[in-house]
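Undergrad:
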Amino acid sequence: MSSDQQFAVSIIVSNQSGALTRISSLFSQRNFNIDSFTCGVTNNPEVSRMTITATGDANKKEQLLKQISKLYDVKKVELMTPENTILRELLIAKVNATGESLQTILDAANVFRSKVVDMSPESVCIEMTGESSKLNAFLTYIAPYGILEYCRTGLVAVERGSKCLYVVD
Amino acid sequence: MERSGCQILIETLIEQGVTTIFGYPGGQVLNIYDELYKNNHRINHVLTAHEQGAAHAADGYSRASGKVGVCIATSGPGATNLITGLATANSDSIPMVAITGNVPMELIGSDSFQEVDTFGLSIPVTKHSFRVDNVENLAETVQEAFRLAKSGRPGPVLIDIPKNIQLDKTEYSPTGIAEKTPDPKPDTALLDQALEMIYESKRPIVYCGGGVINANCSEAATTLVEKTDAFMVCSMMGLTAMDNSHARYLGMSGMHGRFAATKAISECDLVIAAGVRFTDRATGNKKKFASNAKIIHLDIDSAEQGKNIDATLQIPGDLGFALNYITSKLEPQKHPQWEETVNSYKNKTKDYTAPNGCLLPWEVINAVNERATPETNIATDVGQHQMWVAQYYNFKNPRTFQTSGGLGTMGYGMGAAIGAAVATGNKTVLFTGDGSFGMNLNELATAVSQNLPLIIVILNNGVLGMIRQWQNLFFDNHFIASTLERKTDFVKLADAFGATGLRASNPEELNEALDKAFALSSPVVIDCLIPDEENVFPMVPPNGSFDNIILK
Chain A
247 MSSDQQFAVS
257 IIVSNQSGAL
267 TRISSLFSQR
277 NFNIDSFTCG
287 VTNNPEVSRM
297 TITATGDANK
307 KEQLLKQISK
317 LYDVKKVELM
327 TPENTILREL
337 LIAKVNATGE
347 SLQTILDAAN
357 VFRSKVVDMS
367 PESVCIEMTG
377 ESSKLNAFLT
387 YIAPYGILEY
397 CRTGLVAVER
407 GSKCLYVVD
Chain B
-8 MERSGCQILI
2 ETLIEQGVTT
12 IFGYPGGQVL
22 NIYDELYKNN
32 HRINHVLTAH
42 EQGAAHAADG
52 YSRASGKVGV
62 CIATSGPGAT
72 NLITGLATAN
82 SDSIPMVAIT
92 GNVPMELIGS
102 DSFQEVDTFG
112 LSIPVTKHSF
122 RVDNVENLAE
132 TVQEAFRLAK
142 SGRPGPVLID
152 IPKNIQLDKT
162 EYSPTGIAEK
172 TPDPKPDTAL
182 LDQALEMIYE
192 SKRPIVYCGG
202 GVINANCSEA
212 ATTLVEKTDA
222 FMVCSMMGLT
232 AMDNSHARYL
242 GMSGMHGRFA
252 ATKAISECDL
262 VIAAGVRFTD
272 RATGNKKKFA
282 SNAKIIHLDI
292 DSAEQGKNID
302 ATLQIPGDLG
312 FALNYITSKL
322 EPQKHPQWEE
332 TVNSYKNKTK
342 DYTAPNGCLL
352 PWEVINAVNE
362 RATPETNIAT
372 DVGQHQMWVA
382 QYYNFKNPRT
392 FQTSGGLGTM
402 GYGMGAAIGA
412 AVATGNKTVL
422 FTGDGSFGMN
432 LNELATAVSQ
442 NLPLIIVILN
452 NGVLGMIRQW
462 QNLFFDNHFI
472 ASTLERKTDF
482 VKLADAFGAT
492 GLRASNPEEL
502 NEALDKAFAL
512 SSPVVIDCLI
522 PDEENVFPMV
532 PPNGSFDNII
542 LK
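Top line first, the protein sequences correspond to chains A and B.
For the first sequence, position 169 (counting from the first letter as 1) is numbered 415 according to our numbering, and the numbering increases by one without interruption.
For the second sequence, position 319 (counting from the first letter as 1) is numbered 310 according to our numbering, and the numbering increases by one without interruption.
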């Protein structure tokens, strides 16, 4: 038995009503654990691109790829290998920042190469992109100062180099 | 020429070769029914008693004929009533197209009368579903639905058509029948590896499932058995893959499989699996399933490979091509030792009760078998009677067995038998239990209105037999909710529906009743009174293996 691992899958789906529902429904049908799910438009108006991160062993991973690729609306599915993929996630964190802690948080934001996008007398909002591990590290660092709330987009993924996931003939 | 959505729908269905639709009218399909009225000389509509019956009928029609079965229902409850039928067909990979009307698009989402999210409901129980949102796409969608239903691994496809789309008009010109997408050819390098494995094998088994029936390659499967000098074992869905009287046919393996079939699987050194998906009921404990064997897994659906069992060699692609390729290259093999061993397992155990004056399930099945022809359709419901039919009935021709394998839908049988009888015009026998029959006996009305050559054999033991069997074996005889204590008189019931009702409580009465029933070409119900203590054996307990087989 291989152990559970997190993996990212990129999916090109036709822009049909219900395509998103059908894919998300597959996860409950097949008892797959979904970690994050992003979907957006692409340079081709006929298709959308999804990035799904999920956790499971090798068998689950293979089944997930096969079951997704069977769906009618799905044009392309690919497992994104970490070594050959640009993986990014966006975080917006609202942090408690009163007098003495403000400078520490701003320094941390700077070190993590993030942007301050909003400030109030009690709080500061920080926008950060990066791999999930970087976002996790930042959140861990600022946690003692009091995170009021944060929001993460889930991963988006693009393969390195000039090869594209989906090219219309 | 400009046509309305309804006209386009009916024209496109006729274009796809549809001659019969099973359905039930309602508010949001009345315009479609009006077109059926105008075209009743070109397309036949069978009114069922309930939409579930229509879905099962379309399914039975498809299993018996190999064509795409079609059913229609209105929005809301009409659509929800189809769901069990769709799920049944989806589990067994049966090509069907279901059409539902829906409220006009401007009302969708407003919780209007008889509105339900048909599209959303259909997702997990169909191969695909469409909601048509523009009449210009309607003809293309119907064509695509048919292509999809029959291509690759077949399955049910739903088309939801809001009322306004049915009324909208657009230009339409016929484009012809939607051809099945050619199945991908399997990799011949892998097939050559399969040949090598066959040459190395001393104790081969060919294990056939519903995929062999769907791909119409029973002959190739039989040839493979003969040239490999193997025996054939089947999943329930594959029981008609070979003439059951063939010396190399062992029948069903698994939870209620034949002793020889289950034993042969446990002892063989090679399983050539064709169109099976190794479900839990068929394999028992997967770690112990065919534990001495290498497995070659041939299937059109690569997602089945590695899903339930890790085969030694997985070969996705067209099953017919794979079987024909192997049989054409294969030098005939000889395994006299294996032949002798397996033959010694046949009839080794006496797993059924000896005649004792009571009417016994196997006697009923044999008596029907004696009177049937190779073309007779045999439909079942779900439960003990289904297992007995799977064990004892001697099938000759592919597609003559209609049963709910994957989903195990009690109440499936009446609709399916109606569909099979309509599709073939042949004598059809439904084996059912008093429990299963109770679920959808309303369709007796349909059988009568259609005057179908249908014999309904109720194996009436007054209990939910399979539930009782589990309570007997695994729950210390705690018979809760399995003793029916009903007072239904099935003979009077048949009479009330306008069918012929007969009763048999011993073998003599049964013979008399069956002679009468087979002479008639209208619906007959035979209430066969069998003892309630009869259990289905052999039985491999859930997650067990041949080591745990219960013989009596």
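Where a beta carbon is used, it is the ideal one built from N, C-alpha and C, also for glycine.
The structure presented is a predicted model; accordingly, all values stated were derived computationally and were not measured.
Starting from phenylalanine 283 of chain A, trace the beta strand (DSSP E) in both directions and tell me its first and last residue.
TA: Residues 279 to 287.
Undergrad: If you draw a straight line from the alpha carbon of methionine 227 of chain B to that of glycine 200 of chain B, how long is it in whole angstroms?
TA: For methionine 227 of chain B and glycine 200 of chain B, the distance between alpha carbons rounds to 7 Å.
Undergrad: Leaving out five residues before and five after methionine 188 of chain B in sequence, what residues of the same chain have Cβ atoms less than 8 Å from its Cβ?
TA: Around methionine 188 of chain B: Leu261, Lys285, Ile287, Thr303 and Leu304.
Undergrad: Name the chain B residues whose beta carbon is nearer than 9 Å to that of serine 379 of chain A?
TA: Here the premise fails: no neighbours, minimum Cβ distance about 31 Å.
Undergrad: What do you reckon, are the CB atoms on alanine 281 of chain B and isoleucine 256 of chain B nearer than 7 Å?
TA: A contact, by the Cβ cut-off of 7 Å.
Undergrad: Go through its chain and collect everything with a Cβ distance to proline 365 of chain B's Cβ below 8 Å, but skip five positions before and after it.
TA: For proline 365 of chain B, where only same-chain residues beyond five positions count, the Cβ hits under 8 Å are Lys387, Asn388 and Thr391.
Undergrad: Give me the chain B residues within the contact set of lysine 312 of chain A, using Cβ-Cβ distance strictly less than 7 Å, ordered along the chain.
TA: Within chain B, the residues near lysine 312 of chain A are Ser293 and Ala294.
Undergrad: Do proline 147 of chain B and methionine 87 of chain B have their beta-carbon atoms positioned less than 7 Å apart in this structure?
TA: Yes, they are a contact pair.
Undergrad: DSSP state of tyrosine 343 of chain B, grouped into three classes?
TA: Coil at tyrosine 343 of chain B, not helix or strand.
Undergrad: Excluding five sequence neighbours on each side, which residues of the same chain lie with their C-beta closer than 6 Å to the C-beta of leucine 27 of chain B?
TA: Excluding positions up to five away in sequence, the list reads His36.
Undergrad: In chain B, which residues lie less than 7 Å from glutamate 324 of chain A when you measure between Cβ atoms?
TA: Chain B residues near glutamate 324 of chain A: none, gap ~16 Å exceeds 7 Å.
Undergrad: Would you kindly check if the distance between the Cβ of alanine 381 of chain B and the Cβ of glutamine 393 of chain B is under 7 Å?
TA: Cβ distance not < 7 Å, so glutamine 393 of chain B and alanine 381 of chain B don't count as in contact.
Undergrad: Which of helix, strand or coil does DSSP assign to aspartate 271 of chain B?
TA: Correct three-state label for aspartate 271 of chain B: helix.
Undergrad: Cutting at 6 Å between CB atoms, please list the residues of its own chain near phenylalanine 269 of chain B, excluding the five before and the five after it.
TA: Counting only Cβ-Cβ distances below 6 Å, and skipping sequence neighbours, we find Asn299 and Ile300.
Undergrad: Just tell me which of B:Gln43, B:Phe110 and B:Leu129 has its CA closest to the CA of serine -5 of chain B.
TA: Per the Cα distances, B:Leu129.
Undergrad: So which of A:Phe278, A:Asn290, A:Thr301 and A:Ser271 has the shortest CA-CA distance to aspartate 250 of chain A?
TA: Aspartate 250 of chain A has its Cα closest to that of A:Thr301, out of A:Phe278, A:Asn290, A:Thr301 and A:Ser271.
Undergrad: Could you check whether glutamate 395 of chain A and lysine 361 of chain A sit closer than 7 Å to each other, using their CB atoms as the reference points?
TA: Not closer than 7 Å, so no.
Undergrad: On the premise that glycine 374 of chain B lies in contact with glycine 248 of chain B, defined as a C-beta separation below 8 Å, what is that separation, rounded to the nearest angstrom?
TA: Contact flag wrong, Cβ pair sits at about 16 Å.
Undergrad: What are the start and end residues of the alpha helix (DSSP H) that includes aspartate 518 of chain B?
TA: Looking at the DSSP string, aspartate 518 of chain B is not in any alpha helix (DSSP H); the run it does join, the beta strand (DSSP E), is 515 to 520.
Undergrad: In this structure, does DSSP put alanine 302 of chain B in helix, strand or coil?
TA: Residue state, collapsed to three classes: coil.
Undergrad: What's the C-alpha gap between tyrosine 336 of chain B and proline 529 of chain B?
TA: Roughly 13 Å between the two C-alpha positions.
Undergrad: Could you tell me the boundaries of the beta strand (DSSP E) in which alanine 264 of chain B lies?
TA: It spans 261 to 265 - the beta strand (DSSP E) in which alanine 264 of chain B sits, taken as one unbroken run.
Undergrad: Please classify methionine -8 of chain B as buried or exposed, where buried requires at least 16 neighbouring CB atoms within 10 angstroms.
TA: So methionine -8 of chain B ends up on the exposed side.
Undergrad: Look at the Cβ atom of leucine 289 of chain B, then the Cβ atom of alanine 313 of chain B, and state whether they are nearer than 7 Å.
TA: Their beta carbons are under 7 Å apart, which means leucine 289 of chain B touches alanine 313 of chain B by this criterion.
Undergrad: Bridge partners of leucine 360 of chain B, per DSSP?
TA: For clarity, residue 360 of chain B is asparagine in the given sequence; the question names leucine instead. Bridge partners of asparagine 360 of chain B: none, in fact.
Undergrad: Tell me the start and end of each unbroken alpha helix (DSSP H) in the segment 446 to 498 of chain B that is at least 4 residues and wholly inside, in chain order.
TA: Correct list: 456 to 465 and 481 to 488.
Undergrad: Closer than 8 Å by C-beta to serine 393 of chain A: which residues in its own chain qualify, once you throw out the five before and the five after it? Chain order, please.
TA: The question names serine, but residue 393 of chain A in the sequence shown is isoleucine. Correct list, in chain order: Ala339, Lys340, Val341, Asn342 and Leu385.
Undergrad: Where do the N-terminal and C-terminal ends of the alpha helix (DSSP H) with proline 327 of chain B fall, by residue?
TA: Per DSSP, proline 327 of chain B belongs to the alpha helix (DSSP H) from 327 to 336.
Undergrad: So if I threshold CB-CB distances at 8 Å, which residues from the segment 61 to 73 of chain B count as touching chain A?
TA: Against chain A - using a Cβ distance shorter than 8 Å - the segment 61 to 73 of chain B contributes no residues.
Undergrad: Pick from B:Gln324, B:Gly424 and B:Gln(-2): whose alpha carbon is nearest that of lysine 160 of chain B?
TA: When only C-alpha atoms are compared, the closest one is B:Gln(-2).
Undergrad: In or out: asparagine 277 of chain A buried (at least 16 other Cβ within 10 Å) or exposed?
TA: So asparagine 277 of chain A ends up on the exposed side.
Undergrad: Beta carbon of glycine 308 of chain B, beta carbon of lysine 176 of chain B: below 7 Å?
TA: For glycine 308 of chain B and lysine 176 of chain B, yes; Cβs fall inside 7 Å.
Undergrad: Give a yes or no on whether 7 Å exceeds the smallest Cβ distance from isoleucine 114 of chain B to chain A.
TA: Chain A, which has a Cβ nearer than 7 Å to the Cβ of isoleucine 114 of chain B, makes this yes.
Undergrad: On the CB-based measure, 16 or more other CB atoms within 10 Å of its CB, does alanine 238 of chain B come out buried or exposed?
TA: With fewer than 16 other Cβ atoms within 10 Å, it is exposed.
Undergrad: My assumption, with CB atoms under 8 Å, is that leucine 112 of chain B sits in contact with isoleucine 156 of chain B. Please give the rounded CB distance.
TA: Actually they do not touch by this definition, with Cβ atoms about 19 Å apart.
Undergrad: So which of B:Ile517, B:Glu331, B:Leu511 and B:Asp480 has the shortest CA-CA distance to alanine 495 of chain B?
TA: Nearest option by C-alpha distance: B:Ile517.
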